[in-house]
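Protein chains in written order, with my numbering: chain A, 22 to 245; chain F, 97 to 404; chain Z, 3 to 456. Positions of the beta carbon are idealized from the N, C-alpha and C atoms, including for glycine. The model shown is predicted, which means the values in this text are computed figures rather than measured ones.
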């Protein structure tokens, strides 16, 4: 799912600024709830923290909270209408997608991002998420035994590790596994090491963002 | 392709000489004299000199520009090309440009990640990796075509090299990568600095088993050093370097560390010279470029042969 | 409906309807004490599942023994059948505690085997090398008998015994140095059963040290897992657990017998999941130390099993969707001043021994566990600038809810970080571990804390 992380508290406070008296904190009940960044629990805790802060600096601010199932489908945004309209500002704790959809739905209001949206990842441990996919638009997991070098190699190399792979870790950060070692180990286990001798030509990046922001239409369903 | 030699370095290798290469880093600035001074110090002692390409992601004068300046001072140069800073369009363009300026040797590398430099916030490119770059360059030179299939009226001329690491893991995977680079068209290799001679010998054995020493020239990497601190730093922080504890202890025990460093480098040269499949050495003295002539002399490799 | 199902080896349990299932054939387990639903196969290749119900489960997996050194014999082997070969040796060398201390039960086997072998081999001299001799059961009697029968015991320090690659044994102690090139019989290395991970995953159990199945915690001895109705016995628990097998088995069977008569919930208020809010992120399932959280297949939400629940509220505290609540929970009115949340039966017990007048100005509340504190609530306590909050949790490995103390501390640390970021005094919130027997320390600590001294 999409993984995000709450922005630094002081960054949020600076972003909110001095010009508002009422604030809505809007949460999202899907990806960012699972990644523990923007669900109802975080929304309510943040409201309480900001209340504590504004009280401490002597500012009179009214903070409301609301969490909808998703902020990337318009019907859910409709549920927020009253609250969005009666507050000066909305801080959205959804991913970057949700924030932008709010702007589209309510163009006369201001929406600020409370999260830094980061990557598509899996829950690798309770409270830990790791990047697995960058959405390159042309999945080649079949060629790499189900382990993606495009997302998980710091240099997106397709023909083997660089010279910086040390003790199974990436030169960029010793916490990062060298994905090529993982691919090699898996290939060896499956007895398919010879498949790694194939020369992989340069990737067509046009299916990725490099080809421009993307749109997807399902012909079966779409009606202009 | 033509039977004439693409570069003097290539000719020397094909004539069977034990070649000596060295390395220079361009300045963080635009002063051509910086290059000229370095070139003067190396002239006559080496067969070819690498000039690095934004090594460790630090902004420096471009490799091609530096190589051109040094060539005019009479040195045979090897440009280095990394994949970190340019996409396929830029890379092919650079190869064409380098060739047009008369540069004839290129070492094609993936490149250090920008996290090592001072521009950690920069976007990295890595549109291609080293293997793909070698293949692309090889096709440009041998087939006269660009990656997108366009034909060139005047294709570039370049003797292509790549890096090899006998000390990295997993061994089998690195060997696969090495073979792939040869298959893609690399004709000469410079290895990671050798401190563990036994491991290097083992790697060369495996290389010979696959007959790869006959398909490409292997130049043994030698890093003359005079500093215990440098050895310890490299052991700890540089990926893929194998520095045995005995080496560090030997340097620690030495009274004259400079002399010891030269001695150790010369010993390594003498050892690798005996190994079948090694066609030369690549000297890369970090922060000690002036020692190259001394090492070359002491190893009995001076003067260098002349070819036309 | 079975009374008791063994995962692993069956044990005779009078008056109980039992079944044993091999761990590799176990597929799934749902439910709670008194009503576990287990699926298992007849053979590994089978696709058909047998489904049974049971009130209780005992995990009884034997440890794996591994030979530490090639070409040696093991304490576990039938040495008597090899006696003719062994008789050719001038010396026979028994070795325990090599590289790692052998569990006490191994020294019992070693002594028994040495004594028996000694009787058979008249001409061979037996040496017995050990680092420490544990006197469990009748080991002291065996030890004495062995010495009386001429077995020579040599104690060694860690570096004092070396077995080379070609099985030469060198013994060094003070100024004695001996070298042997004879038959070595060693205590095997012991490690967890190969199926422990599988069983842990299926029952969602916390792992213990060394890959065994019982975390170190005073509340888990002797055979508890933290999940009511599921017990670990013998080799599943740990390396040394086999020593007290009989007593532990008896204890466990007694417990089970009692539960078969009657089981009541431990908590008086139900914890419930709002199926509209639940997004199946499995956080509650992962943090629950008591196996009380399960997927409700009909509602597509998680649910709480009321008999398994022990009311620690870790699920409520951690749920990112605020989907879990306590039935009939009253809204708290938070007064101004100093607040102390103390863990029931632990810090609470110590507090009850203190002079209550001395601390009458403190707002005191009881909490079931440090892990029950909710982040938002903590900030509510801290809204009033003069409010300070103290949470008194339990010591590590003395938490009834396994890691509750750590979870509580983590949340408090996060609040401290937030206070710091906002340039507020981070000591307005504190976490301290207080056991039921620390009344004096608590007195001192609370007095200081009241004054604002840390």
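Nearest CA to the CA of residue 85/A: which residue from 133/A, 49/A and 44/A? The residue with the shortest Cα to Cα distance from residue 85/A is 44/A.
With distances taken between CB atoms, is the gap from residue 405/Z to residue 291/Z smaller than 8 Å? yes
Selected residue, minimal CA-CA separation from residue 180/A, among 104/F, 301/F, 225/F and 283/F: Of the listed residues, the one whose Cα sits closest to residue 180/A is 225/F.
At least one CB of chain A closer than 8 Å to the CB of residue 303/F: is that the case? no
Taking the alpha-carbon positions, what's the residue 105/F to residue 140/F distance? 14 Å
Three or more beta-carbon pairs under 8 Å between the stretch 347 to 357 of chain F and the stretch 291 to 311 of chain F, yes or no? no
Just grab the DSSP bridge partners of residue 43/A for me. 83/A
Can you tell me where the alpha helix (DSSP H) with residue 345/F in it begins and where it stops? 341 to 349
Chain-ordered neighbours of residue 223/A on chain F, where CB pairs are closer than 8 Å: 184, 223, 224, 228, 232 and 243
Does any residue of chain Z bring its CB to less than 8 Å from the CB of residue 31/A? yes
Could you tell me whether any non-hydrogen atom of the ligand SAH is closer than 7 Å to the CB of residue 310/F? The ligand SAH is not among the ligands present in this structure, which contains no ligands whatsoever.
Could you name each continuous beta strand (DSSP E) segment of 3 residues or more that falls completely within the stretch 116 to 195 of chain Z, going from the start of the chain to the end? 127 to 132, 154 to 157, 163 to 165, 171 to 175, 178 to 182, 185 to 188 and 191 to 193
Since residue 66/A meets chain Z, which of its residues come closer than 8 Å, beta carbon to beta carbon? 377, 378 and 381
Output the boundary residues of the beta strand (DSSP E) element that contains residue 96/Z. 93 to 97
Given this structure, state the Cα-to-Cα distance separating residue 233/F from residue 53/A, to the nearest angstrom. Their Cα atoms are separated by approximately 45 Å.
What residues in its chain sit with their C-beta under 8 Å from that of residue 97/F, if we drop five residues either side in the sequence? Caution is warranted here: a pLDDT of 38 is assigned to residue 97/F, below 50, making its placement in the model unreliable, and the coordinate value is therefore given only provisionally. Taken in chain order, the residues that qualify are 237 and 238.
Look at the alpha carbon of residue 451/Z and the alpha carbon of residue 389/Z, and state the distance between them as a whole number of angstroms. 12 Å
Thinking C-alpha only, which one of 80/A, 107/A, 89/A and 50/A is nearest residue 15/A? Nothing in the structure corresponds to residue 15/A, since chain A is present only between 22 and 245.
With distance defined between alpha-carbon atoms, name the residue in 303/F, 271/F and 334/F nearest to residue 192/A. Taking only the C-alpha atoms, the option nearest residue 192/A is 334/F.
Measure the C-alpha to C-alpha separation of residue 325/F and residue 339/F and round it to an integer number of angstroms. 13 Å
Of the listed residues 296/Z, 30/Z and 112/Z, nearest to residue 190/Z (C-alpha basis): 112/Z
What runs of the beta strand (DSSP E), each 3 residues or longer, lie entirely inside the stretch 383 to 453 of chain Z? The beta strand (DSSP E) runs lying completely inside the stretch 383 to 453 of chain Z and spanning 3 residues or more are 390 to 395 and 431 to 435, given in chain order.
Taking Cβ positions only, does residue 130/A come closer than 8 Å to chain Z? no
Cα separation between residue 251/F and residue 110/F? The alpha-carbon atoms of residue 251/F and residue 110/F are separated by roughly 23 Å.
With 16 other Cβ atoms within 10 Å as the buried cut-off, status of residue 150/F: buried
Does DSSP classify residue 124/A as helix, strand or coil? helix
Within this structure, are the beta carbons of residue 420/Z and residue 70/A separated by less than 8 Å? yes
Quick one: any contact between the stretch 354 to 367 of chain Z and the stretch 394 to 404 of chain Z, if contact means 3 or more CB pairs under 8 Å? no
Under 8 Å Cβ-Cβ, which residues of chain F neighbour residue 186/A? 264, 265, 335 and 336
Less than 8 Å between the CB atoms is what I'm expecting for residue 256/F and residue 230/F, so what's the real figure, rounded? 6 Å
For the stretch 203 to 211 of chain F against the stretch 178 to 188 of chain F, are there 3 or more C-beta pairs whose distance is under 8 Å? yes
Of the residues that make up the stretch 98 to 127 of chain Z, which ones have a beta carbon closer than 8 Å to any beta carbon in chain A? Result list empty, no residue passes.
At 8 Å on the CB atoms, spell out the chain D contacts of residue 275/F, in chain order. In the structure shown, chain D cannot be found, because the protein chains are A, F and Z.
Under a CB-based cut-off of 8 Å, is residue 76/A close to chain Z? yes
Between the stretch 154 to 174 of chain F and the stretch 113 to 124 of chain F, are three or more C-beta pairs nearer than 8 Å? Contact holds: three or more Cβ-Cβ distances are below 8 Å.
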